[in-house]
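Residues 1 to 247, numbered by the UniProt record's numbering, are exactly what the sequence shown covers, in order. Every residue gets a Cβ at the ideal spot worked out from N, C-alpha and C, and that includes glycine. These figures come from a predicted structure and were not determined experimentally. Structure, as structure tokens:
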Amino acid sequence: MKLQHHLGGIENLGPVNLETRVFVEPWEQRIFGIHTAMMAESAHLADALPAYSIKDLPTTFKSDWTWASLRTGAEDMHPFEYFKYRYYEKWLGGIAQFFVDSGYISAPELEKKSAFYRAQPNAALPDRPSAPIAAQINAYLQQGDSGYHEPDRAPRFAAGDKVRIADPEAVDHTRLPGYLRNKTGVVDVVYPGSFSYFVSTGADGIGKPMPVYRIAFDAADIWGSGKSEPNTTIYADLYEAYVQAAN
1 MKLQHHLGGI ENLGPVNLET RVFVEPWEQR IFGIHTAMMA ESAHLADALP
51 AYSIKDLPTT FKSDWTWASL RTGAEDMHPF EYFKYRYYEK WLGGIAQFFV
101 DSGYISAPEL EKKSAFYRAQ PNAALPDRPS APIAAQINAY LQQGDSGYHE
151 PDRAPRFAAG DKVRIADPEA VDHTRLPGYL RNKTGVVDVV YPGSFSYFVS
201 TGADGIGKPM PVYRIAFDAA DIWGSGKSEP NTTIYADLYE AYVQAAN
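Right, dumping it as structure tokens:
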């Protein structure tokens, strides 16, 4: 979805939220915890760097769940709904829909459980993770997983090259900020190695490992001189699929 990925520069979205707290409400911490536990139990970690013993993990969760999964759920929301809900409310909606779509729980079952806890907010919650799962979560929080790969070809561009950013068709999930589409910048850094993403984005262009660049843009070229502070440079890390030679 072009509209809901990196909203910089879109006008009339209302005042900027200057809240500095990571979690505003206690329930937001639990949503973050659920997402983290899902990441730590994700089936894709069997082939990740570093490797995790997913096959031996005593969990009934057998799906892939990554940051891409979370963002796809948010970007798939109707724009009116997306702008209406708070940050972690979007997380909750995406996670809940994932469990329903994946068959872990039915929509009626989820509604029944939700109604139960709304009526009895002090009721006991499900058991905490078992010791092996808790250890896996702690390991994942410390080590994460990496999309780095040894390169199999040279990058197409070098530092100092003038480039134009592509404008691929809208897909379920993208890593291209909407405000950079069709903009011109200069390659500032070519990162060593190649990098993959959690999922293939199809027509968007992300799939096999590829070079990633840090590209510098004059802020006035993005938002116009009347809406930019002078002498301001915007930097963005972009996959090579989004980078084209400037004409």
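- Considering only Tyr-235, Phe-116, Phe-98, the residue with the shortest C-alpha distance to Val-190 is Tyr-235.
- Here DSSP, grouped into helix, strand and coil, assigns Tyr-213 to strand.
- If you look at Ala-123, you'll find it isn't in any alpha helix (DSSP H); DSSP assigns it neither H nor E.
- Spatial neighbours of Ala-107 in its own chain (CB-CB distance under 6 Å, excluding positions within 5 residues in sequence) are listed in chain order as Val-100.
- Taking a cut-off of 8 Å on C-beta distances, the region 49-65 touches the region 143-162, as three or more cross pairs fall below it.
- Per DSSP, reduced to three states, the secondary structure at Arg-30 is helical.
- For Asp-167, the three-state secondary structure derived from DSSP is coil.
- With 16 or more other CB atoms across the displayed protein chains lying within 10 angstroms of its CB, Lys-90 is buried.
- Rounded to the nearest angstrom, the gap between the Cα atoms of Ala-219 and Val-243 is 18 Å.
- In the structure shown, Val-190 falls within a strand segment according to DSSP collapsed to helix, strand and coil.
- Annotated three-state conformation of Leu-57 is coil, per DSSP.
- Three or more Cβ pairs drawn from the region 196-216 and the region 168-177 lie within less than 8 Å of each other, which places the two stretches in contact.
- Thr-174 counts as buried, since at least 16 other C-beta atoms from the protein chains shown sit within 10 angstroms of its C-beta.
- The beta carbons of Glu-75 and Tyr-82 sit closer together than 9 Å.
- Annotation for Val-186: Lys-162, Ala-216 place their beta carbon closer than 6 Å to its own, counting only its chain and skipping 5 residues before and after.
- Taking 9 Å as the cut-off, the beta carbon of Ala-241 is found closer than this to the beta carbon of Gly-207.
- According to the DSSP assignment, Val-243 belongs to the beta strand (DSSP E) that extends over 243-245.
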